[in-house]
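Chains A and B supply the protein sequences, listed in that same order.
Residue 13 is where the first sequence starts when you use my numbering, and the numbers rise one by one after that.
Residue 13 is where the second sequence starts when you use my numbering, and the numbers rise one by one after that.
Take a look at the structure below.
There are 2 protein chains.
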Amino acid sequence: MIDGLDETHDASRRSFVASANDPDGDFPIQNLPLGIFSRGPNGRRGVGVAIGDRIFDLAGARHAGLIRSVSGDAIGQDSLNALFALGNQQLRLLRKEVSRLLDEDPAGQATRDALAKCLVPMSECTMHRPTDVANYTDFYAGIHHARAAGALLTPENPLPANYKWVPIAYHGRASSVQAGGGEVRRPLGQRPPLQAGGAPSFGACERLDFELEIGFYVSGGNALGDPVPISGAASHIAGYSLLNDWSARDVQRWEMFPLGPFLSKSFATSVSPWVVTADALMPFRTAAMPRGDGDPKPLPYLWNDDDQANGGLNIDLEVSLSTAKMRKANEREVRILTSNARYLYWTPAQMVAHHTINGCNLKAGDLIGTGTISGPSDAELSSMLEFTKGGTQPVTLPNGEKRSFLLDGDRITFRGRCRCDGFSSIGFGLCVGTIISERQTPN
Amino acid sequence: MIDGLDETHDASRRSFVASANDPDGDFPIQNLPLGIFSRGPNGRRGVGVAIGDRIFDLAGARHAGLIRSVSGDAIGQDSLNALFALGNQQLRLLRKEVSRLLDEDPAGQATRDALAKCLVPMSECTMHRPTDVANYTDFYAGIHHARAAGALLTPENPLPANYKWVPIAYHGRASSVQAGGGEVRRPLGQRPPLQAGGAPSFGACERLDFELEIGFYVSGGNALGDPVPISGAASHIAGYSLLNDWSARDVQRWEMFPLGPFLSKSFATSVSPWVVTADALMPFRTAAMPRGDGDPKPLPYLWNDDDQANGGLNIDLEVSLSTAKMRKANEREVRILTSNARYLYWTPAQMVAHHTINGCNLKAGDLIGTGTISGPSDAELSSMLEFTKGGTQPVTLPNGEKRSFLLDGDRITFRGRCRCDGFSSIGFGLCVGTIISERQTPN
Chain A
13 MIDGLDETHD ASRRSFVASA NDPDGDFPIQ NLPLGIFSRG PNGRRGVGVA
63 IGDRIFDLAG ARHAGLIRSV SGDAIGQDSL NALFALGNQQ LRLLRKEVSR
113 LLDEDPAGQA TRDALAKCLV PMSECTMHRP TDVANYTDFY AGIHHARAAG
163 ALLTPENPLP ANYKWVPIAY HGRASSVQAG GGEVRRPLGQ RPPLQAGGAP
213 SFGACERLDF ELEIGFYVSG GNALGDPVPI SGAASHIAGY SLLNDWSARD
263 VQRWEMFPLG PFLSKSFATS VSPWVVTADA LMPFRTAAMP RGDGDPKPLP
313 YLWNDDDQAN GGLNIDLEVS LSTAKMRKAN EREVRILTSN ARYLYWTPAQ
363 MVAHHTINGC NLKAGDLIGT GTISGPSDAE LSSMLEFTKG GTQPVTLPNG
413 EKRSFLLDGD RITFRGRCRC DGFSSIGFGL CVGTIISERQ TPN
Chain B
13 MIDGLDETHD ASRRSFVASA NDPDGDFPIQ NLPLGIFSRG PNGRRGVGVA
63 IGDRIFDLAG ARHAGLIRSV SGDAIGQDSL NALFALGNQQ LRLLRKEVSR
113 LLDEDPAGQA TRDALAKCLV PMSECTMHRP TDVANYTDFY AGIHHARAAG
163 ALLTPENPLP ANYKWVPIAY HGRASSVQAG GGEVRRPLGQ RPPLQAGGAP
213 SFGACERLDF ELEIGFYVSG GNALGDPVPI SGAASHIAGY SLLNDWSARD
263 VQRWEMFPLG PFLSKSFATS VSPWVVTADA LMPFRTAAMP RGDGDPKPLP
313 YLWNDDDQAN GGLNIDLEVS LSTAKMRKAN EREVRILTSN ARYLYWTPAQ
363 MVAHHTINGC NLKAGDLIGT GTISGPSDAE LSSMLEFTKG GTQPVTLPNG
413 EKRSFLLDGD RITFRGRCRC DGFSSIGFGL CVGTIISERQ TPN
């Protein structure tokens, strides 16, 4: 058995929640992702586990005496921060306990009745931001994206000279991270002058874009001044979500020199509400992206044989678009691209080791994005900027509509799915956002 | 009387706390800055007001029935977030109430005795980070710094083309913001290759620097999607601290293209522990930096006549250095530069309006830095990078020591002071940090 696997990964395990046994479902008993839910939009928020089309209410289960592996303090919260602060060993114990409880054959009728009371139909619930994000960092580890976007934004230097040495990143805006599902307001801002030395124009962003990323959440954390070594970095990752790094390309091009993106990103970042734990992803680990012949070997603080062998993730990703016109005509969304998380030049563990090498303190619940994950082929370019070549080659949708960038009413949906022979397939659920028009200019 | 002034600014007002009446002191009754203190390093944290050499314990005063203007919830916290969430009108009422209580002639002997019980000697207290910083943004509004640093870091383009249109900023690291007074560990990191195309080296930062800035804290806040208009922006600023944006110049030069500074800044940011309220600074408002003949008029969302007339701040700033050798010889620190907050190209209100124009939500307690405030003369260059010309012209200290950048044991102290005819001078207290050596490289 592969290191880290246990009975929770056993493909033969089935749940007494019938919908969890659908082989095409995202949430079989082998997944058990964590999230924050409420019954209705204004209900009390609590920690839940997705199982089929139900949410298992952890606080309720603890109150009923079903959960004993973690304290009530850690799961009686309106965010996952306290739970993630316990660290991955505790998360693993909780996973084993929940897996046993939701098994096809839980112990005794009394338990079955008590469990049923803790299962809520997902369709009756509202999902919220998984953690109270105190710090959000976004990397730039998708090398195919860096090359493609670099060729458009800074053609004189498509792949930065530091790229293969430094896991490049910037701090993002924590306050505007939101659970996918809602609306995203088109930002106002300064758009670049039409010619060098000219005046910028002001108004609604005209080049609104998405970026397909994976986000991960910190567990445990480290004290200020104490770097996390690469060998222990993976144990600081609680789990993963899909992440949409909405981007205002016109604002970005004008504002970003010399200190990087700011308002072009800070208006919204969407995450899928379910956090697929690092444990659930164990079977889908894969080798890190191999270095090419001319590539430098990274510095020792970023290099670890085990991480190179197992630190990558094999997650199929896809992006769909539905326009307002399509929805009015009852037409289905169209898939516009696919990609895979394995197209990352740096592993999540390398990101953690780099982030902390200067002593920076990560805190439980912090969110870290990987950067846009494009693949090598034209069908795997993971932003509008890339697949419309900077807006110069609009894409034509099946109903005849054309898009260079996103228009009001456009709805973007991300999906993620893991598949591996011998294991149950698991999914991430959806990360959805619908563009709405800008506010009037304030006075 | 100038708009916004009231009896709390009256220069003739004196306090019954004798040390507050020292004309050279930072904390007369006209100041009344807010901070988080504890009795001893591990005592319970609470909200305090500095008065002379004493701290007025607000939670204690409320418990004694002396404070009635704000709820116990807002001041019974271990950070200023809840108090700042009430907004500036409430902060003004609290200021008036505290000013009356600490007056030379408070009402009656009973009150005087009750007040005395709420006054703690500052020397017995430990100061902490004023707010639980959920979001930290750093601007680049010091135009003399932008020119001087730009000439060294990006000589081909010292002042970016967007500089006079865009209040440039980047997101900083919130978790490593700390109250000045403690130690700052020299970061490890990648240092740039000696020649283009070469390999970076790894080790302790060799070009460690400070940056002299002002920081301000958000009061109230705005909802996601709702920009704050320039006319109302000043009312979203609770108060100001000194801010040291510690910088690893070698790491910065290598990592910052294309997404901006990351590890070169995120190891530590120090703030002075006392927040001088926007109300206390009313008499020291001044005109914004005038635009030169060739300068563009900023876009309307950044432009407001009242802000241009009164949105600047006249705060004298200075930086002192003490080395380990100097302290061993009982030699006094040396002042290495002076500057003034009026050397900012963008006002704090313009920063708030810009920050939110895309709908980004500011939250009470968020910290916003102005960027390094250098002046036009050689004695006003507010980082080592600038006044040693990128380390090529080391400065010689009175005891013969030379410095290009900071060495272990160096202690940097910031001071800020406001002076204006007809008003009591007020100060910011100190923002201090002492450099300690790096950790060993993790494995």
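By construction, the Cβ of each residue, glycine as well, lies at the ideal position given by its N, Cα and C atoms.
C-beta contact flag for residue i and residue j at 8 angstroms
{"i": "Leu442 of chain B", "j": "Thr425 of chain B", "result": "yes"}
{"i": "Arg505 of chain B", "j": "Asp291 of chain B", "result": "In the structure as shown, chain B starts at 13 and stops at 455, and residue 505 of chain B therefore has no counterpart that could be examined."}
{"i": "Val59 of chain A", "j": "Val189 of chain A", "result": "no"}
{"i": "Thr143 of chain A", "j": "Leu379 of chain A", "result": "yes"}
{"i": "Lys375 of chain A", "j": "Val230 of chain A", "result": "yes"}
{"i": "Leu224 of chain B", "j": "Thr384 of chain B", "result": "yes"}
{"i": "Leu349 of chain A", "j": "Thr382 of chain A", "result": "no"}
{"i": "Met294 of chain A", "j": "Ala153 of chain A", "result": "no"}
{"i": "Ile242 of chain A", "j": "Phe228 of chain A", "result": "no"}
{"i": "Tyr148 of chain A", "j": "Thr281 of chain A", "result": "yes"}
{"i": "Asn373 of chain B", "j": "Ser187 of chain A", "result": "yes"}
{"i": "Ser91 of chain A", "j": "Ile48 of chain A", "result": "yes"}
{"i": "Asp69 of chain B", "j": "Cys130 of chain B", "result": "yes"}
{"i": "Gly184 of chain B", "j": "Lys277 of chain B", "result": "yes"}
Chain-order list of residues whose beta-carbon lies under 8 angstroms from that of residue i (same chain, five-residue window excluded)
{"i": "Arg124 of chain A", "result": "Phe28, Pro118"}
{"i": "Gly371 of chain B", "result": "Leu236, Gly237, Asp238, Pro239"}
{"i": "Arg159 of chain B", "result": "Pro170, Leu171"}
{"i": "Pro35 of chain A", "result": "Ser436, Ser437"}
{"i": "Arg344 of chain B", "result": "Ser334, Met338"}
Cβ-based neighbour list, residue i, same chain, cut-off 6 angstroms, excluding 5 preceding and 5 following
{"i": "Pro199 of chain A", "result": "Cys217, Ala260, Phe279"}
{"i": "Ser436 of chain B", "result": "Ala23, Pro40, Gln42"}
{"i": "Phe440 of chain A", "result": "Leu254, Ser284, Val288, Gly428"}
{"i": "Glu330 of chain B", "result": "Arg347, Thr350, Arg427"}
{"i": "Met13 of chain A", "result": "Confidence is the limiting factor: at Met13 of chain A the pLDDT is only 43, short of 50, which leaves the residue's position unreliable, though a coordinate-based value still follows. Taken in chain order, the list of residues that qualify is empty."}
{"i": "Pro308 of chain B", "result": "Lys176"}
{"i": "Asp328 of chain A", "result": "Asn352, Arg429"}
Amino acids of chain A, ordered along the chain, whose beta-carbon sits closer than 7 angstroms to that of residue i
{"i": "Phe96 of chain B", "result": "None at all; the shortest Cβ gap to chain A is about 15 angstroms."}
{"i": "Ile447 of chain B", "result": "Near Ile447 of chain B there are no residues of chain A at all, since even the closest Cβ is about 12 angstroms away, more than 7 angstroms."}
{"i": "Pro53 of chain B", "result": "Under the 7 angstroms cutoff, chain A gives no residues; its nearest Cβ is about 16 angstroms from Pro53 of chain B."}
Sequence-distant residues of its chain with Cβ nearer than 7 angstroms to residue i (five each side left out)
{"i": "His366 of chain B", "result": "Pro179, Leu314"}
{"i": "Pro212 of chain A", "result": "Gln202, Arg203, Pro204, Pro205, Trp266"}
{"i": "Arg56 of chain A", "result": "Ser50"}
{"i": "Asp85 of chain A", "result": "Ala94"}
{"i": "Leu127 of chain A", "result": "Leu78, Leu113, Pro118"}
{"i": "Ser386 of chain B", "result": "Gly154, His156, His157, Ala160, Ser351, Tyr355, Glu392, Leu393, Ser394, Glu398"}
Start-to-end residues for the alpha helix (DSSP H) that takes in residue i
{"i": "Ala250 of chain B", "result": "Segment 249-256 is the beta strand (DSSP E) holding Ala250 of chain B; no alpha helix (DSSP H) there."}
{"i": "Asp22 of chain A", "result": "Careful: Asp22 of chain A lies outside any alpha helix (DSSP H) and carries neither H nor E."}
{"i": "Ala365 of chain B", "result": "360-368"}
{"i": "Ala62 of chain A", "result": "Unbroken run through Ala62 of chain A is the beta strand (DSSP E), 58-63; no alpha helix (DSSP H)."}
{"i": "Asp85 of chain A", "result": "84-87"}
Contacts that residue i makes with chain B (C-beta to C-beta distance below 9 angstroms)
{"i": "Thr166 of chain A", "result": "Phe269, Pro270"}
{"i": "Ser389 of chain A", "result": "The contacting residues do not exist; Ser389 of chain A stays about 24 angstroms from chain B at best."}
{"i": "Leu349 of chain A", "result": "The premise fails here: Leu349 of chain A is roughly 23 angstroms from chain B at the closest Cβ pair, so nothing lies under 9 angstroms."}
Contacts that residue i makes with chain A (C-beta to C-beta distance below 8 angstroms)
{"i": "Cys443 of chain B", "result": "In chain order: nothing, as chain A lies at least about 17 angstroms away."}
Under 7 angstroms from the C-beta of residue i: neighbouring residues of chain B
{"i": "Thr453 of chain A", "result": "Tyr313"}
{"i": "Gly201 of chain A", "result": "Ile369, Asn370"}
{"i": "Arg185 of chain A", "result": "Asn147, His183, Cys372"}
{"i": "Lys375 of chain A", "result": "Ser187"}
Interface partners of residue i on chain E, CB under 8 angstroms
{"i": "Ala181 of chain B", "result": "In the structure shown, chain E does not exist; the protein chains are A and B."}
Boundaries of the beta strand (DSSP E) in which residue i is found, first to last residue
{"i": "Asn352 of chain B", "result": "346-352"}
{"i": "Ser213 of chain B", "result": "213-216"}
{"i": "Arg427 of chain A", "result": "423-430"}
{"i": "Leu379 of chain B", "result": "379-381"}
{"i": "Ser50 of chain B", "result": "46-51"}
Closer than 8 angstroms at the beta carbon, the chain B residues around residue i
{"i": "Val178 of chain A", "result": "Gln202, Pro212, Trp266, Glu267"}
Contacts that residue i makes with chain A (C-beta to C-beta distance below 9 angstroms)
{"i": "Tyr152 of chain B", "result": "Pro270, Leu271"}
Review point. What are the complete beta strand (DSSP E) segments, minimum 3 residues, inside the segment 117-205 of chain A?
Key: Listed in chain order, they are 131-133, 137-140, 148-151, 181-183, 189-191, 195-197, 200-203.
Exercise for review: List in chain order: all unbroken alpha helix (DSSP H) runs of 4+ residues lying wholly within the segment 228-306 of chain B.
Suggested key: The DSSP assignment places 242-245, 261-267, 275-278 as complete runs of the alpha helix (DSSP H) inside the segment 228-306 of chain B, in order along the chain (cut-off: 4 residues).
Review point. Which parts of the segment 317-342 of chain A are runs of the beta strand (DSSP E), unbroken and 3 residues or longer, counting only runs that do not cross its ends?
Key: Here the runs fully enclosed are 328-334.
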